[in-house]
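**Q**
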Amino acid sequence: IVELLRGTSKVKLEHLNLKTFGIGKDIRDVDWRSYIRELIAREIISKTDDEYPILKLNEKSYEILQGKQTVQLSKPAEPVEREVRKPRTRDRKLNAAYDTDLFEKLRTLRYGIAKRENVPAFMILSDSTLIELATFLPMNLEDIRTISGFGTVKTEKYGSEFVSEIAEYCEEHNLKTKVENKLVFDQQVAKSEKRYEERKGTSNFDTRKTSLDMFRSGMSVIEIAADRLLGVGTIEGHLAFYIPSGEVALEDIVTEEKAVAIREVLRAQGWKKGESQRPIKDTLGDEYSYGEIQAVITAGGG
Numbered sequence: 696i697v698e699l700l701r702g703t704s705k706v707k708l709e710h711l712n713l714k715t716f717g718i719g720k721d722i723r724d725v726d727w728r729s730y731i732r733e734l735i736a737r738e739i740i741s742k743t744d745d746e747y748p749i750l751k752l753n754e755k756s757y758e759i760l761q762g763k764q765t766v767q768l769s770k771p772a773e774p775v776e777r778e779v780r781k782p783r784t785r786d787r788k789l790n791a792a793y794d795t796d797l798f799e800k801l802r803t804l805r806y807g808i809a810k811r812e813n814v815p816a817f818m819i820l821s822d823s824t825l826i827e828l829a830t831f832l833p834m835n836l837e838d839i840r841t842i843s844g845f846g847t848v849k850t851e852k853y854g855s856e857f858v859s860e861i862a863e864y865c866e867e868h869n870l871k872t873k874v875e876n877k878l879v880f881d882q883q884v885a886k887s888e889k890r891y892e893e894r895k896g897t898s899n900f901d902t903r904k905t906s907l908d909m910f911r912s913g914m915s916v917i918e919i920a921a922d923r924l925l926g927v928g929t930i931e932g933h934l935a936f937y938i939p940s941g942e943v944a945l946e947d948i949v950t951e952e953k954a955v956a957i958r959e960v961l962r963a964q965g966w967k968k969g970e971s972q973r974p975i976k977d978t979l980g981d982e983y984s985y986g987e988i989q990a991v992i993t994a995g996g997g
């Protein structure tokens, strides 16, 4: 719903022609989710309790739509001002400062491919993959294979189109590839992940709370991952911990379409708590992260 109101590329193709598509693009994603949670809490809209919960209008909803009642919602908290810290490494700064204009061009290309194949955009490539493309600027098929999300199949299907788009943009703006920095960046992430694993059991380190605070400040999962030099799936796992308490909503981490697919695989494989999530991940493929799977499980999907 939030993606529809904000007019993002994550919605189903048939939703693009709805009059409400993009009507709330000037309101932040986190604010829309705050409003929706308040509407549910005040029983102005209803959320079903079945296996695949959806939002529905109720008697109160119709009274408001018919002008018989009015409603005032609480103003969401403003993002907390964060001290801007100097990046610890050149690659951390590089990842946080990806080329936003190129990123938008790549999103447009992804949307065109999705429309051509009649599938959701996230099934082509994830936003995190597009950010890596707009950061490291691969200009041939060999280099694009170093980008997360570009395995053999996707390189063969989409590699040439994305390489051409990047090469054209770089020529126009006199940019050179930065693929040589990708290995260094991956090594930095691996080291940071290792430090995280070593520290997460200590009493004076609550990494999940750190990610939650950054998320509440208005940062996206990708931005938090880049800032903390952790994987996107790790940050999603941190936030998933707060789903039962209501501090984070499932929709904050995983789209409804992905959640449905994850639940179907969990059910089909008869997954039970304590079992490895690897078979689930292998079935779903690279476009799904362990963090997204964990979020659905935590929300009661498995």
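Here the sequence shown is numbered in this note's numbering, starting from 696 and rising by one per residue. For glycine and all other residues, C-beta sits at the position ideal for the given N, C-alpha and C. Computed from a predicted structure; not experimentally measured.
1. For H868, count neighbouring Cβ atoms within 10 angstroms of its own Cβ and tell me buried if that reaches 16, exposed if not.
2. Roughly how many whole angstroms lie between the Cα atoms of R805 and I975?
3. Helix, strand or coil for S915, going by three-state DSSP, please let me know.
4. So if DSSP puts K751 in a beta bridge, which residue, or which two residues, is it bridged to?
5. What are the start and end residues of the alpha helix (DSSP H) that includes S823?
6. Go ahead and pull the three-state DSSP assignment for R732.
7. DSSP three-state call for Y793: helix, strand or coil?
8. Residues in its own chain within less than 6 Å of E951 by CB, not counting five upstream and five downstream?
9. Who are the Cβ neighbours of G844 in its own chain at under 8 Å, not counting the five residues just before and after it?
10. Sort G846, A862, V848 and G995 by Cα distance to P939 and report the nearest one.
11. Look at the alpha carbon of T795 and the alpha carbon of L801, and state the distance between them as a whole number of angstroms.
12. How about A990 and V949: are their beta carbons less than 8 Å apart?
13. To the nearest angstrom, report how far apart E866 and S855 are at their CA atoms.
14. Per the contact definition of three or more C-beta pairs closer than 8 Å, is the stretch 755-766 in contact with the stretch 731-743?
**A** Looking at the atomic coordinates:
1. exposed
2. 26 Å
3. coil
4. S741
5. D822 to F831
6. helix
7. coil
8. none
9. L820, S821, S823, T824, E827, D981 and E982
10. G995
11. 10 Å
12. yes
13. 16 Å
14. yes
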